Structure formats: C-alpha cells, structure tokens
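Chemist: Submitted below is the structure of interest, expressed as structure tokens.
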Amino acid sequence: MAFQLQLDVKDQILIVTFCGELDHHAAAEARQPMEAFLSEGRFRHVILVLNRLDFIDSSGIGVILGRYKWLAARGGKLVICGMNAHVRKILDVSGIFKLIPAVNSVPDAMSLLEVFV
Amino acid sequence: MAFQLQLDVKDQILIVTFCGELDHHAAAEARQPMEAFLSEGRFRHVILVLNRLDFIDSSGIGVILGRYKWLAARGGKLVICGMNAHVRKILDVSGIFKLIPAVNSVPDAMSLLEVFV
Amino acid sequence: MTAIATVQNHIKFTFPAMSENESLARTVVAAFVMSLDPMLDELNDLKTAVSEAVTNAIIHGYDERNSGMIDLEAELDGRTVFIRITDYGRGIHDLWQARQPMYTSKPDLERPGMGFTMMEHLMDEVTVQSVAGRGTTIGLRKTISPVDMRWH
Amino acid sequence: MTAIATVQNHIKFTFPAMSENESLARTVVAAFVMSLDPMLDELNDLKTAVSEAVTNAIIHGYDERNSGMIDLEAELDGRTVFIRITDYGRGIHDLWQARQPMYTSKPDLERPGMGFTMMEHLMDEVTVQSVAGRGTTIGLRKTISPVDMRWH
Ligand SMILES: Nc1ncnc2c1ncn2[C@@H]1O[C@H](COP(=O)(O)OP(=O)(O)O)[C@@H](O)[C@H]1O
Ligand SMILES: Nc1ncnc2c1ncn2[C@@H]1O[C@H](COP(=O)(O)OP(=O)(O)O)[C@@H](O)[C@H]1O
C-alpha cells in the first residue's frame, strides 16, 4: 500500500522501480533518492519501472515530469516501462507519453537507450 | 471480504463452510440457509469449517451458539474445524469451546462424529 | 518506510445506523491505525471491538430501525489509539447489568450478550457513558506495540 | 452475495489536512462504494479524483500548514455516487483560471496543474464552489455501471 522505491544500476543507466501508491504524500519519498543519485552525475539516463505501482495521481505525474525535465536539460533520456491499466490511464490523460516513451520491458528500454549511451 | 456460505453433504453429515467476514450484518446470511437445511430433518450433525473465515465478532458467536442449541435439542452434534488466529481468539474468549469441540480437519471431525451416526 | 514515532491524528466518521456500515466502520479504523504498523493481532482486536460497539448502537441504541446516525471518532496520541462510538438512541438504563457477561436484552435475536466482554478483553480500557433516552458513547483505548520491540 | 439495486447511504468523514490522510480518504471512499460492486477501473477513477481534491485542499487550501480540517461527504443514490470535499482555507479567487489544464499557482512544488483535468476526465461531473478566504467545496459525481450489464 505505502510507497517504496528501488534503485538498480545497469550499463550506466539508473533503473528506478516504483512500488505501491504514489500520491502527494509519497512524492518526496520518490523524488529525494532519485535527485540524490542523479545529482552525483554518474547516470545520464533513467528507466522508470512502473509495473509494481498500484496507484498514481497528478502529484505522481509531477514527480515523473520533474525528473524528465531535469534529465532533458542535461541531455539525458527517461523511458517508462510496465504499467497496470489504472497507471496507464492516468499517464495517458496527463499527456506525458508525448514527452516520454513507454515500452513493455527493461530490455526493450535498454535497447531504446543504447543509441544514446 | 463479504460473507459467503458453502454447504456440502457427506455421510448424512452437513458440512458448512463460512468464508469472509461474519458480523451482525452477515448473520442472517449465515443463519437462514443452515436453518432451511436443518429443518428438513435430513441431517443430525453439522461440521462447521472456519478456515476461510477472516473475521468474527460476538454476533457471529451468536449464530454458532444458535445452531448448537437447535442441534443439541434434537440430539445432534456440532463440531468446529479449522480457524485462523483471530477467529480462534474470539471463540476462545466466548467460552464456546466448553460446549463445542474443535478439531483440525474435516476427516478428524468425521471420525469424532462417527460414533453418533 | 519509516514509522513515525509520534503521530497526532484525529478523525470523525459519521454514518447511518445500518448493518451494511459495520464493515465500513471496521475498515475506517483499520486504515486509520495503519500508520502505526500494528500487528495483525492488534488490528483484529481493534476491528472486533469497533464492530461490537457499532453493532450495539445499531441493534440496541436504534432498535434496528435503520435510522439515526452513529459518530465514530478516533484519535492517535503516540502509539495509543482512542476511539469513541456514539449513538443518539435509547441509552442504557442499567450500566452494571449491561456489562455482565452473557446478559442481553434481546435473546430472541440470538444475541449472546458478549459484546462488552469482547471489548473489555481486547482493549486496554473500555468506558461507557449513557443517558437513558439520549444515547450512548463507548470509549475504547489500546496502545499498539512498538515496531522495534517485536520478534521477527 | 446479492447486489442491492437501490442503496441509500451517506457518510461524513472529517480529518486534519495532513498528507498522511490522503490514502485514508481514498480508502474510505473505496470502502463506501464497495456495496455497488464497482469495476476495478471505476474504483480507481473514484480514488484518483478524491486524491486530487484532497491533495488540493491540503496544498492549496491550507498551504501545507498541517492544520485545518477537511470534510469528505459521500452519498449513494441508487448506483450514483456523490462526493463533496470541503476545506475552510484560502479559497480560489479565479475559478476559470484554476480549471485550465496545466495551470498551477505552485509550479515550484512540481505541481503539474492537472488536478482538475484528472477529476473532469474521471468523473461524470465536477463542480467547484469557492469563496476567497473562506474555503472550497469540490463536488464529484459518478454512476457505477450495473453489474448485470458487464461482460464476463
Ligand atoms: N448502544 C447501546 N444502546 C442501548 N443499549 C445498549 C447499547 N449497547 C449495549 N446495550 C445494552 O447492553 C446489553 C449487553 O450488550 P452486549 O454485551 O454487547 O450484548 P448483546 O449485544 O449481545 O446484547 C445489550 O443487550 C443492551 O441491552
Ligand atoms: N482547494 C483549493 N484551495 C485553493 N486553491 C485551489 C484549490 N484547489 C485548486 N486550487 C487552485 O487551482 C489550481 C489548479 O489546481 P490543479 O488543477 O489541481 O493543479 P495543481 O494542484 O497541480 O496546482 C491550483 O494551483 C490552485 O491555485
């Protein structure tokens, strides 16, 4: 139910997995560890894995958009992968897919990012 | 979450399985089908299977005691089997085990009733 | 997830005295105490005690007329949960008798007369305030065990 | 379990404007509509819209001061759910501007300005009543599909 975040590293790409419910209350818990890792400057690209995310609202969209803008300003890419029907619907309504590509799996996301690494 | 009841018959014994939450609201749903079956007079003994019961309170105890009294007045036996920790605790506090034997499984209950069939 | 040591939170939940709402009241209390990360056993104790008090308000306070409202207030002070369940129904004329194990004023409804016994057994404290013809308030108190004192 | 065709139920849930209570508000609404046996999709729509309105009350109504109360009222009329979320905070001075997609008065907080867009997209109707300096009430309406009209 509550929010949890998992960070993994693969080929200089930061893989972030969101679990549970990402609302305004959880936004800080999602933002801070990502910011800390990214500001170190070791990673240019991020894959955001959402298949274990049960709930999101516009506050969660704000967290994703915020990371997207940060990365974009530094030439980094963000790729989203894996979503349940509710999360896909909310992301769809937000129009976020016009900015951020979504694929089915981490390997798909890796190959999408390969050209940029 | 809501309450559900399952009725099975084995060797002239009525096996009743309670599922979900047995509170005052669900009491009628638990009582009526059992009453209907028992008043037909085809069954003398009842095994009450509680391993799929998630919640019970004193209203649920009332349902069990009511069936116990009905059967006892007609020389019938009631045996309880299978309980989660919460259900066991509430039944324990109620003192119901002084009247109604509890065993681990339906076969155990069957052999307990064998002498009476 | 970090468990916050001292939480201050207090809610009020008002609902019609219908049996459909018994499970709703349990769910609200369970969700309310979730921030304390209670053990399953503690959670079930709270749900059962709330169920007893709410059921009594419906059956005895309002005589199952499906009218009248129930107020459920819950408060957290550190790891202690305070719950008050209030009905504005008939009230209890003999409090001492009402709290006796096995006493019920409605044996015809298969009431086992164990509601107060359950609440007292499962909670740290149970208080009853009642005025005949005006209504009843049941107070429940329980302290949830500290997370780091548990066996794993 | 039989689904009751017409249910009349109305609850009021009052809680402090703290972000911890956002999930609590969602849970209460989800439990409240359970008797209608909603589809998972409909349940999530309701939870999301409630989350938006409650979050706005906390962030904008009360400027995240962790003080002030929020009232959540929910009503069932047949299969239609009416929800009202009220804060007694700063109010909205320009309603037209507030409802514009992407408009936010707090871009520094990474607010995407999509709360109203979400509510309007997910609900059948969204109403806003607000008085500057007095507070805001968001009204949400959604009809849950009949169980026997669904594909299996
Ligand atoms: N909210 C209430 N309003 C009026 N009377 C009550 C209320 N709660 C309890 N009582 C009285 O106290 C008695 C004992 O309650 P309880 O121990 O819960 O047993 P039961 O609900 O099985 O009757 C009830 O039978 C009733 O007469
Ligand atoms: N309860 C409220 N009290 C005061 N202002 C509000 C309230 N709800 C919304 N607003 C105003 O409306 C704007 C748009 O709201 P919304 O679409 O939810 O976007 P966001 O919450 O991301 O800012 C907010 O930025 C705020 O200025």
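Which chain is which? The protein sequence lines are A, B, C and D, in order. For the record, in the first sequence the residue sitting at position 98 is 98 according to our numbering, with numbers rising by one throughout. For the record, in the second sequence the residue sitting at position 29 is 29 according to our numbering, with numbers rising by one throughout. For the record, in the third sequence the residue sitting at position 98 is 98 according to our numbering, with numbers rising by one throughout. For the record, in the fourth sequence the residue sitting at position 12 is 12 according to our numbering, with numbers rising by one throughout. Note that the Cβ used here is the ideal one computed from N, Cα and C, for glycine as well. Bear in mind that the values here come from a model prediction, so they are computed numbers and not experimental data.
#1: When the Cα of PRO38/D is compared with those of ALA98/D, ARG79/D, ASN56/D, GLN8/D, which residue comes out closest?
#2: For LEU65/A, return the contacting residues in chain D, with the cut-off set at a CB-CB distance below 8 Å.
#3: With a threshold of 8 Å between beta-carbons, can SER186/A be considered close to chain D, or not?
#4: Quick check: the Cα distance between ARG99/D and GLY82/B, rounded to an integer number of angstroms?
#5: Compute every distance between the C-beta of ARG31/A and the non-hydrogen atoms of ligand 2, then say whether any falls below 7 Å.
#6: Near ligand 2, which residues have their beta-carbon less than 5 Å from any of its heavy atoms, given in chain order?
#7: Using a Cβ-based criterion (distance less than 7 Å to any ligand heavy atom), does ARG65/C qualify as near ligand 1?
#8: With a threshold of 16 other CB atoms inside 10 Å of the CB of LYS106/D, please say whether the residue is buried or exposed.
#9: Is GLY66/B near ligand 1 - that is, is its Cβ less than 7 Å away from at least one heavy atom of it?
#10: Measuring CA to CA, which of GLU40/A, PRO33/A, GLY76/A, LEU99/A is closest to ILE61/A?
#11: Less than 8 Å between CB atoms is the rule here; does LYS142/C satisfy it with respect to chain D?
#12: Indicate whether at least one CB of chain C lies closer than 8 Å to the CB of ILE80/B.
#13: Among the residues of its own chain, which have a CB less than 7 Å from the CB of SER19/C, if the five just before and after it don't count?
#14: Would you say GLY61/C faces chain B, with C-beta separation under 8 Å as the test?
#15: Could you tell me whether the Cβ atoms of VAL79/A and LEU38/A are closer together than 8 Å?
#16: Would VAL131/D be called buried (16 or more neighbouring beta carbons within 10 Å of its own) or exposed?
#17: Look at the alpha carbon of THR6/D and the alpha carbon of ALA49/D, and state the distance between them as a whole number of angstroms.
#18: Do HIS45/A and ASN44/D come within 8 Å of each other at the CB atom, strictly closer than that value?
#19: May I ask you to list the residues that DSSP assigns as paired with VAL103/A?
#20: Could you work out which residues of chain D lie near THR14/C, taking near to mean beta carbons separated by less than 7 Å?
#21: Between which two residues does the alpha helix (DSSP H) holding MET69/C run?
#22: Just to make sure I have the definition right: I need the residues of chain D whose C-beta is within less than 9 Å of the C-beta of PHE55/A. Which are they?
#23: Would you check whether ligand 1 has a heavy atom nearer than 7 Å to the C-beta of ASP41/D?
#24: Chain C beta carbons: is any one of them nearer than 8 Å to that of PHE82/D?
#25: Relative to the alpha-carbon of SER67/D, which residue among ARG90/D, ARG150/D, GLU52/D has its alpha-carbon at the smallest distance?
#26: State the Cα-Cα distance for the pair ARG111/D and ALA73/A, rounded to the nearest angstrom.
#27: For chain B, check one thing: does any of its Cβ atoms lie closer than 8 Å to the Cβ of MET69/C?
#28: Can you find at least 3 beta carbon pairs, one from the stretch 9-27 of chain C and one from the stretch 18-26 of chain B, that sit closer than 8 Å?
#29: Could you list which residues in chain C have their beta carbon closer than 9 Å to that of VAL93/B, in chain order?
#30: When you measure from the CB of ARG26/C to every non-hydrogen atom of ligand 1, does any distance come out below 7 Å?
#31: Along chain B, in chain order, which residues have C-beta atoms closer than 9 Å to that of THR55/C?
#32: Kindly list the residues whose CB is nearer than 7 Å to the CB of SER51/C, restricted to its own chain and excluding five residues on each side of it in sequence; keep chain order.
#33: Under 8 Å, Cβ to Cβ, is there at least one residue of chain D near HIS86/A?
#34: Note the first and the last residue of the continuous alpha helix (DSSP H) segment covering ARG90/D.
#35: Tell me whether GLY89/C, by its Cβ, gets closer than 7 Å to a heavy atom of ligand 1.
#36: Closer than 7 Å: is that where the CB of GLU52/C sits relative to any heavy atom of ligand 1?
Modeler: This is what the structure gives:
#1: Taking the fourth sequence and counting its residues from 1, the one referred to as residue 38/D is at position 38. Ranking the options by Cα distance to PRO38/D, first place goes to ARG79/D.
#2: Locating residue 65/A in the first sequence gives position 65, counting from the first residue. Near LEU65/A (Cβ distances below 8 Å), the residues of chain D are GLU110, PRO112.
#3: Residue 186/A lies beyond the stretch modelled for chain A, which goes from 1 to 117, so this question has no answer here.
#4: One-based indexing of the fourth sequence puts residue 99/D at position 99. One-based indexing of the second sequence puts residue 82/B at position 82. If you take the alpha carbons of ARG99/D and GLY82/B, they lie about 56 Å apart.
#5: As a working note, residue 31/A is residue 31 in the first sequence. The answer is no for ARG31/A.
#6: ASN56/D, ALA57/D, HIS60/D, GLY61/D, ILE92/D, ALA98/D, THR104/D, SER105/D, ARG111/D, GLY113/D, GLY115/D, PHE116/D, THR136/D
#7: Here residue 65/C refers to the residue found at position 65 when the third sequence is read from its first residue. No - ligand 1 has no heavy atom lying nearer than 7 Å to the Cβ of ARG65/C.
#8: Your numbering for residue 106/D matches position 106 in the fourth sequence. Per the 10 Å Cβ criterion, exposed.
#9: By 1-based counting over the second sequence, the position of residue 66/B is 66. Incorrect: GLY66/B has no Cβ contact closer than 7 Å to ligand 1.
#10: As a working note, residue 61/A is residue 61 in the first sequence. The residue with the shortest Cα to Cα distance from ILE61/A is LEU99/A.
#11: On the third sequence, position 142 is the one that residue 142/C refers to. Not closer than 8 Å to any Cβ of chain D, the Cβ of LYS142/C fails to qualify, so no.
#12: Counting from 1 along the second sequence, the entry for residue 80/B is found at position 80. Chain C, which has no Cβ nearer than 8 Å to the Cβ of ILE80/B, makes this no.
#13: Residue 19/C sits at position 19 when you count from the first residue of the third sequence. Here the set comprises ILE58.
#14: For the purposes of this step, residue 61/C is identified with residue 61 of the third sequence, where counting begins at 1. No, GLY61/C lies away from the interface with chain B (no Cβ there is under 8 Å from its Cβ).
#15: Taking the first sequence and counting its residues from 1, the one referred to as residue 79/A is at position 79. Taking the first sequence and counting its residues from 1, the one referred to as residue 38/A is at position 38. No; because the gap between Cβ atoms is not below 8 Å, this pair is not in contact.
#16: For this step, residue 131/D is matched to residue 131 along the fourth sequence. Answer is exposed; the Cβ neighbour count stays below 16.
#17: Translated into positions along the fourth sequence, residue 6/D becomes position 6. Translated into positions along the fourth sequence, residue 49/D becomes position 49. Interpretation of THR6/D is limited by its pLDDT of 45, a score under 50 that renders its predicted location unreliable; no figure is taken from the coordinates.
#18: In the fourth sequence, counting from the first residue as 1, residue 44/D sits at position 44. In the first sequence, counting from the first residue as 1, residue 45/A sits at position 45. No, the pair does not count as a contact, with Cβ atoms beyond the cut-off.
#19: Counting from 1 along the first sequence, the entry for residue 103/A is found at position 103. CYS81/A.
#20: Taking the first residue of the third sequence as position 1, residue 14/C is located at position 14. Going along chain D in sequence order, the residues near THR14/C (Cβ under 7 Å) are ILE11, LYS12.
#21: Against the third sequence, residue 69/C aligns to sequence position 69. Counting along the chain, MET69/C falls outside any alpha helix (DSSP H), though it belongs to the beta strand (DSSP E) covering 69-77.
#22: Your numbering for residue 55/A matches position 55 in the first sequence. Per Cβ cutoff of 9 Å: SER23, ARG26, ASN44, LYS47, THR48, SER51.
#23: Sequence index remark: in the fourth sequence, residue 41/D carries index 41 (1-based). It does not: the Cβ of ASP41/D is nowhere closer than 7 Å to a heavy atom of ligand 1.
#24: For this step, residue 82/D is matched to residue 82 along the fourth sequence. No, because no Cβ of chain C sits closer than 8 Å to the Cβ of PHE82/D.
#25: On the fourth sequence, position 67 is the one that residue 67/D refers to. Taking only the C-alpha atoms, the option nearest SER67/D is ARG90/D.
#26: Looking up residue 111/D in the fourth sequence gives position 111. Looking up residue 73/A in the first sequence gives position 73. Rounded to the nearest whole angstrom, the CA to CA distance from ARG111/D to ALA73/A is 19 Å.
#27: If you number the third sequence from 1, residue 69/C lands on position 69. No - not a single Cβ of chain B is within 8 Å of the one on MET69/C.
#28: Contact holds: three or more Cβ-Cβ distances are below 8 Å.
#29: Taking the second sequence and counting its residues from 1, one reaches residue 93/B at position 93. Per Cβ cutoff of 9 Å: MET114, THR117, MET118, HIS121, LEU122.
#30: Here the question's residue 26/C lines up with position 26 in the third sequence. No, since every heavy atom of ligand 1 falls outside the 7 Å radius drawn around the Cβ of ARG26/C.
#31: On the third sequence, position 55 is the one that residue 55/C refers to. Neighbours of THR55/C on chain B, chain order: ASP23, HIS24, HIS25, ASP57, SER58, SER59.
#32: For the purposes of this step, residue 51/C is taken as the residue at position 51 of the third sequence. Hits under 7 Å: GLU22, ARG26.
#33: Mapped onto the first sequence, residue 86/A falls at position 86. Yes, HIS86/A counts as interfacial toward chain D.
#34: Stepping through the fourth sequence from its first residue, residue 90/D is reached at position 90. Neither: ARG90/D is in no alpha helix (DSSP H) and is coded neither H nor E.
#35: Your numbering for residue 89/C matches position 89 in the third sequence. Yes, the Cβ of GLY89/C comes within 7 Å of a heavy atom of ligand 1.
#36: In the third sequence, residue 52/C corresponds to position 52, counting from 1. Correct: GLU52/C has its Cβ closer than 7 Å to ligand 1.
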